[in-house]
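First comes the structure, then the notes that go with it.
Residue numbers (this note's numbering), protein chains in the order written: chain A, 1 to 237; chain B, 1001 to 1352.
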């Protein structure tokens, strides 16, 4: 199985503070990888490092076989990566459709096709296309944010805690959406607090701790691992 | 009191009050839109904006001089207007030069906003020096008489006169006029066209939407693949062009002075903050509110009052709310009140 994204030995952090201590993260083409772990384990930091938002001190990252260390986010979008940050992930004063258009800023000729595709995945957004994104509910905002990242038809969608702060019902909707996006052969790399639900849909799961890989296995195997269950998943009822 | 006097009072009010408020409001609007765009996208208070307007006016003056020396004078179109496109280009060039050589350095360093503010104050002082070096310290008229080979070539300020003949025929005693000069007419037309064009640009074009996106959330804009450098470039192009238009038309309406627009800085910032930082059309609304407030605060109501009351009650001294020399206090008070009661502005802009 070919690796779409392969990040090895990531070391980096903010200024003097080192958060990543050599973790590896991979996504197979068209599959879902999930990163779980305690607060401060470096999950979001690893995502930012991969997307060129944080300088790396050590490590290698390839995307579809190409070295992407030091590339700008703009170049990564052009290569076929999409990233949805956890906080402030929509443009609040821009209308829903304008938000989506911004996802294909670098390729205006792809806007029409992108919109068609996003609206087919999120029909609810089409009804609200003229509404400023800041007026939407949390779940709908998340749809706009994911939709924006899908406009360039990326091969890899990176999601940083897409269900943070959402109700359990909306959370399930978001997971359904992720599965639906993945059905179209889009690889997914996702950080998730709701570890159990996330591992259930994961092809590969990464359990991070202090910036290192603690466990790497299929989602199913991690869910079955009593060690992982005790430390990270809470007790089963 | 006769009906003619009521008409007299109304037309006088329109001519001396409303028209002046609209004029100064338009100047403020053209400047404040630039200030609010720069504020929203580059995230700092661009104090050098007033001097960019002065620089634009100075460039237009030299352009006018050159055109007149070439024997170009197409009345009733003021020669200053013909020089305006070049003045706008020169001003945009200056803005980009300053950005590339000064502000870009601090952007690369990711300097905190206060550094940008101090830098823009430094740029203001440098610009004021440069303006005086190039243009001297004296005043300059846009409508001047050129003496060439002993021949005196005049250019007069074309004016539209509305003397309401029909009214003066029907109402005995009506004798008011409204006069709009060519630069004033140009100001109204340019302001309307520029603001309409800007609205279309910001809501209909990819780059315009990109500008709003950067203003909303710069990090997300980068993540989305928006070319922030290009957005910054166009911010200066728009801001510089509007500054040159405002400076030139103000100088044509009155005269060019080295401190022409530095004095406008406070009302323009009051307008931008009142409208909500980063909201161009909030800034326009703020500009006209400040313009109206300022004009009517110092407006001498004596003439209007005397038209409306019997002769024996006529006022002999000025009837103004605020003495004219305290005009600048009006936008200052507005600014303070807005910052106390609604710091995000009427249209809820960014928090400073």
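Each residue gets a CB set at the ideal place from its N, CA and C atoms; glycine is no exception.
- Within the region 83 to 112 of chain A, the residues whose Cβ lies closer than 7 Å to some Cβ of chain B are 83, 85, 88, 89, 91, 92, 93, 94, 98, 101, 102, 103, 105, 106 and 108, listed in chain order.
- For the pair of segments examined, the region 66 to 81 of chain A was found not to touch the region 111 to 118 of chain A: the number of CB pairs separated by less than 8 Å stays below three.
- Among the residues facing chain A, residue 1108 of chain B is not included, as its CB has no counterpart in that chain under 7 Å away.
- Residues of the region 1208 to 1220 of chain B with a C-beta less than 7 Å from any C-beta of chain A: 1209, 1210, 1212, 1213, 1216, 1217 and 1220, listed in chain order.
- With the rule of 3 Cβ pairs closer than 8 Å, the region 1266 to 1281 of chain B counts as touching the region 1032 to 1042 of chain B.
- Cβ atoms of residue 125 of chain A and residue 147 of chain A come within 8 Å of each other, at about 6 Å.
- In the DSSP assignment, residue 1180 of chain B forms a beta bridge with B/1160.
- Of all C-beta pairs linking the region 1252 to 1267 of chain B to the region 1137 to 1149 of chain B, three or more are shorter than 8 Å, placing the two stretches in contact.
- In the three-state DSSP reduction, residue 1047 of chain B falls in the coil class, being neither helix nor strand.
- Listed in chain order, the non-local C-beta contacts of residue 1045 of chain B below 6 Å within the same chain comprise 1117, local neighbours out to five positions each way being set aside.
- With fewer than 16 other CB atoms across the displayed protein chains lying within 10 angstroms of its CB, residue 1070 of chain B is exposed.
- Setting aside the 5 residues that flank it on each side, residue 1327 of chain B is surrounded in the same chain by 1294, 1297 and 1298, each with a C-beta closer than 8 Å to its C-beta; the list follows chain order.
- Counting only Cβ-Cβ distances below 9 Å, residue 77 of chain A has contacts in chain B at 1223, 1224 and 1225, in chain order.
- In the DSSP assignment, residue 116 of chain A falls within the alpha helix (DSSP H) that extends over 111 to 121.
- By the beta-carbon neighbour count (other beta carbons within 10 angstroms, threshold 16), residue 14 of chain A is exposed.
- In the assembly as shown, residue 1123 of chain B is a buried residue. Its beta-carbon has 16 or more other beta-carbons within 10 Å.
- The region 1208 to 1268 of chain B contains, as complete alpha helix (DSSP H) runs of 4+ residues, the segments 1218 to 1224 and 1228 to 1253 (chain order).
- Listed in chain order, the beta strand (DSSP E) elements of length 3 or more contained wholly in the region 35 to 121 of chain A are 56 to 63 and 81 to 84.
- Cβ-Cβ distances below 8 Å link residue 1015 of chain B to 1176, 1177, 1178 and 1179 in the same chain, with the five nearest sequence neighbours on each side left out; the list follows chain order.
- Close to residue 74 of chain A, with beta-carbon spacing below 8 Å, are these residues of chain B in chain order: 1222, 1225, 1226 and 1227.
- Residue 1154 of chain B sits in coil when the DSSP states are folded into three classes, being neither helix nor strand.
- For residue 1206 of chain B, at least one C-beta of chain A is nearer than 7 Å to its own C-beta.
- Separation of residue 128 of chain A and residue 96 of chain A (C-alpha to C-alpha, rounded to the nearest whole angstrom) is 7 Å.
- For the C-beta of residue 130 of chain A, not a single chain B residue is nearer than 9 Å; the gap to the nearest is close to 11 Å.
- By alpha-carbon distance to residue 1074 of chain B, the top candidate from B/1292, B/1217, B/1157 and B/1332 is B/1157.
- Nearest Cα to residue 1053 of chain B within the set B/1285, B/1316 and B/1030: B/1030.
- In the structure shown, the three-state DSSP call for residue 1078 of chain B is coil.
- Within the region 136 to 150 of chain A, the residues whose Cβ lies closer than 9 Å to some Cβ of chain B are 145, 148 and 149, listed in chain order.
- Sixteen is the threshold: since fewer than 16 other Cβ atoms of the shown chains lie within 10 Å of the Cβ of residue 172 of chain A, the residue is exposed.
- A direct Cα-to-Cα measurement between residue 1288 of chain B and residue 185 of chain A gives close to 55 Å.
- A straight line joining the alpha-carbon of residue 198 of chain A with that of residue 31 of chain A spans about 13 Å.
- Contact between the region 1141 to 1155 of chain B and the region 200 to 214 of chain A is absent: fewer than three C-beta pairs spanning the two stretches fall below 8 Å.
- One thing to note: residue 94 of chain A has its Cβ no nearer than 7 Å to the Cβ of residue 118 of chain A.
- Boundaries of the beta strand (DSSP E) harbouring residue 21 of chain A: 17 to 28, taken from the DSSP string.
- Closest in alpha carbon position to residue 228 of chain A, among A/131, A/141 and A/37, is A/37.
- For residue 215 of chain A, the uninterrupted beta strand (DSSP E) run begins and ends at 212 to 217, by DSSP.
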